[in-house]
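Below is one structure, written out as structure tokens; the observations come after it.
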Amino acid sequence: MTPWVLAAHGQTLVLGVFDNLGEGRTQRQYAPLIEHLNSQLQHERIELKVLSQQDLEDGIASRTLAFVTTTPTHFVFLRQRWPLAGVMATLVTAEDGAPASQFGGVVLRRRERTEWRALTDVRGRRVAVASRLHMAWRAPAFELRQRHIVVPDALAQVLEVDSHENAIAAVLDDRADFAFVRTGILEKLTLNGMLDPERISVVEPQTHTGFPLQSSTRLYPEWPVFALPHVDERMVRRVASALYALEPDHPAVRAAGIHGFTTPADYLPVENMARVLRLPPFDQPPVITLGDVLQQWRNELLATGVAGLLIAALAFQLWRVQHRAAARQRLAMRVFETTSEAIVVTDAQDRVVTVNPAFCRNTGYLEREVQGRPHARLLAPSPANWQAQVQAALHEGGEWSGEVMSRRKNGELFPEWLTISHIQDKNHKVSAYVHVHTNLSEIRRAEARAEQLASHDALTGLANRTQFQLTLAQTLPQLSQSQRFAGVLLLDIDRFKHINEARGLALGDSLLKAVATQLRRHLHSEDVLARLDGDTFALLPRRGAPSREAAGREALALAERLRGLLQETVLPDGELFALDLSVGIALCPDPQSPQAEDVMRLADTALHKAKAEGGARTTFFEAAMGEAVEQRFRVERELRQAIAQGDLRCHLQSQVRADGQLVGAEALVRWAHPERGLVPPAVFVPIAEMSDLVVALDRWMLAQVCQLLVRLDRQGLALRLSVNISPRHFQRSDFVDSVRLQLADSGADPARLVLEVTEGMVMGDLAEAVRKMTELSALGLHFSMDDFGTGYSSLAYLKRLPISELKIDKSFVQDATSNPQDAALVDTILAVARQLHLQVVAEGVETPEQAAFLDQRGEVARQGYLYGRPEPMDAWLARVAPTAPASLQA
């Protein structure tokens, strides 16, 4: 996987990616993840940069980085050099479809070499590995070191071959006896058909609970995500929340090839491995002793007869060694006194001889208060066999390490990572023990904060969606067993988006916190309240009711009580807001919907129905709603297939002058379903508008219209064609470029193209709408305001928009001959059009009386059944251009 970095620079977060893929693949892989994070971090923006590990270190030193994730061993190195904050999250990879937050090493051999069954069999053999800098090398090296085998010294040859695949190939080609690779490589190559698993065997395969891959070593945590101390804690919470919220099926997660992020792992095993293997920064040179010198010069002393010269040389060498040893002893004492880790030295009976100042700071003891005491008295009581386990490990490998609870002078217990090693005299008898205590309190607090972020909403402190669904999943079996029922309530603040737009995000956040406080204050302590996202909350009353009817009554009463409470929501500065809620309720347990996800889906369906009916109401889920949801899902799936398979059709409805002369047409989409025939747009267009599927519809229609304009132009027919643009398409950042590209590719005349927009879709961000429309108008393209009069109908914004046409909604035209109010509205719209020099098209003209009404009011183009129904493109072409050649009508 690829580690990445986040850094803050004003309002910009620089996301640096360690480029272990190369050739631009890292950039492409993480672009969707950056886009998602930008959508979550509303006040900041993320910019991607590809960095090396040295660049990461430079960024930490210069404080230009805010968050970092890198390899575990690199993290240990960084933690020793700089004061880093706690780990926020640990990466979870997607290994063969299963999540894995740990990894290890795998030692492989050819299957026929059955005599090599143990890791120790690598002694004196050839080993292939991608790189000795990888954990694929270090994890087996640590296991071998525990068995007193030092690599690479004990190996015949080490082949560094750049990739795991090449390492395995070296074994299969008999260029190496063993391959050291990372966990997951064997399964990946087998799945992709690049390796026959019958040709290879894993040496000493390990079984790790919950780990889906083969391994020969212990496991180590995946890449950590951690914050630097100078980063604001609120920023840390926002980034952590965005990472934890990523679901495995999220497009950004799938694009990055990962499973997501989880709560922080313990990285002390990685540090312990680095210490044993003498990896940076634990790679200090060994101390040269007098015995080393005598051993080095022994043969020379025996081989020469010039005893005096050798004695003089030896004396000089001894002086140099003693001088260096004294310097090293002073350095060792300095390290002993200044290190941040507590060190306790005990005698052969494990009684305290001396401690360093860090021990005194951490525990509150003075050195004289602990001298002579058993070291075990400084720890919390341990299991009866703990001492035996420690002694066995010391006897086998000379070292033991693990987590313990230590005791301060005041009796307080705190977690530490303890490493014990023994010192032997010249007769190989234990003369002393060295205990190195690493305080884990900050790490545990950071883990607790991270777990809080993983299960709770950073803004309100309420449970988040993941925690709510987990609690619901635990509650459903309890309700079934006790034969009780409860209602799950989803609450959505009505018109909250307008408050955000009018007053800003900061006030919106304050309002959400105030709502959370109000709701929580008036619920029972055992009730579960959560913020799912945005302005949507969820509530689960835990007590339950004896029947579904009683549960429904209690849920309805609770919903109405909470709606009443929010009529007077007070912010911290005293400002009063009158809010209302849309509430969806699903009763549980339900045999038809046994899972927590099912109950949430039903409640969400009920909530959408409440909002669709105008909001400010409570709605229960009914079976018919579920059927409607399933219908929508089926239509969406089939429509997606229809676009890909070419089942859409372009129909046209003519637009004419008062004298019947054709001036153009509106292009309308139809769906030719292979089984149900022609599907009306009222069935599938609203469903498409709920997702980006409508963008695909828009672009398909625009392509059809542009091609038709070219065909009409070749026939010499100067007709204008109009096509509807959806709000979702118009609001996309690439809208202008996509239209410009369609025109360029087709060669259509922009002056003959009319894009129909609605009042609502341009009001959200008027300045941005004006910018987009102006850019396209500069090409000669025209805009028409569709359904004018049904929305805001404000002259103030109408004057700013570069439109050339108003379309009068058919609801006004159809009743204008019988309803004076509708007639007055039509007259008003025509007056506005004359004032602004705009053309007018009246929709829905179906009777001669309606046509006569429009004739009395000047030149008004019209469109409706009186002049022609929408018809297939070929039929329309045949009617308007009967003399067109076959190429035009094809």
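Residues in the sequence shown are numbered consecutively from 215, following this note's numbering.
Even glycine gets a Cβ: it sits at the ideal position worked out from N, Cα and C.
Per-residue burial, residue i [other beta carbons within 10 Å of its own, 16 or more giving buried]
i	result
Tyr434	buried
Thr476	buried
Thr283	buried
Gln428	buried
Glu485	buried
Gln918	buried
Ala720	exposed
Pro297	exposed
Tyr1079	exposed
Leu227	buried
Glu836	exposed
His378	buried
Asn641	exposed
Val1027	buried
Asn406	exposed
Collapsed DSSP secondary structure at residue i in the structure displayed
i	result
Val584	helix
Ile1017	coil
Gly1058	coil
Glu1085	strand
Gln605	helix
Pro629	strand
Glu261	strand
Leu524	With a pLDDT of only 45 at Leu524, under 50, the local geometry of the prediction cannot be trusted, and the value read off the model is given with reservation. Reduced to three states, the DSSP call for Leu524 is helix.
Ser991	helix
Pro435	strand
Ile363	coil
Leu704	strand
Glu656	helix
Met302	strand
Ala308	strand
Val490	helix
Pro964	helix
Trp1090	helix
Leu504	Summary for Leu504: the model assigns pLDDT 43, below 50, so the residue's position carries little reliability; its value from the coordinates is reported in the next sentence. Reduced to three states, the DSSP call for Leu504 is helix.
Whole-Å CB distance - residue i paired with residue j, under 8 Å assumed
i	j	result
Val937	Ala983	Not confirmed; about 18 Å, so no contact.
Gly766	Leu801	6 Å
Gly230	Leu270	7 Å
Leu795	Leu780	6 Å
Pro752	Gln681	It is Ala, not Pro, that sits at residue 752 in the sequence shown. Contact flag wrong, Cβ pair sits at about 10 Å.
Ala381	Ala355	Actually they do not touch by this definition, with Cβ atoms about 15 Å apart.
Leu704	Asp818	6 Å
Residue i, enclosing beta strand (DSSP E) - first and last residue
i	result
Leu1039	It is not in any beta strand (DSSP E) - Leu1039 instead sits in the alpha helix (DSSP H) that spans 1034 to 1050.
Asn576	Element bounds for Asn576: not the beta strand (DSSP E) but the alpha helix (DSSP H), 571 to 577.
Ala441	438 to 441
Ile414	414 to 416
Asn938	934 to 938
Ala381	Run containing Ala381: none in the beta strand (DSSP E); it sits in the alpha helix (DSSP H), 378 to 386.
Leu279	No beta strand (DSSP E) holds Leu279; DSSP gives it neither H nor E.
Ala342	340 to 343
Gly319	319 to 324
Thr972	967 to 972
Ile713	No beta strand (DSSP E) holds Ile713; the alpha helix (DSSP H) holding it covers 710 to 717.
Val231	226 to 232
Arg621	613 to 621
Val559	556 to 561
Range of the contiguous alpha helix (DSSP H) that encloses residue i
i	result
Thr404	399 to 405
His288	286 to 295
His943	941 to 944
Ser645	Where Ser645 is concerned, there is no enclosing alpha helix (DSSP H), although the beta strand (DSSP E) it sits in stretches over 644 to 653.
Ser960	949 to 960
Gln692	679 to 696
Leu746	Per DSSP, Leu746 belongs to no alpha helix (DSSP H); it is in the beta strand (DSSP E), 742 to 747.
Met915	907 to 929
Phe1026	1024 to 1029
Glu249	239 to 254
Ala470	465 to 470
Beta strand (DSSP E) runs contained entirely in the segment 831 to 904, provided each spans 3 or more residues: 832 to 834, 862 to 870, 876 to 887, 891 to 893
Start-end ranges of the alpha helix (DSSP H) lying completely within the segment 775 to 840, minimum 4 residues: 810 to 826
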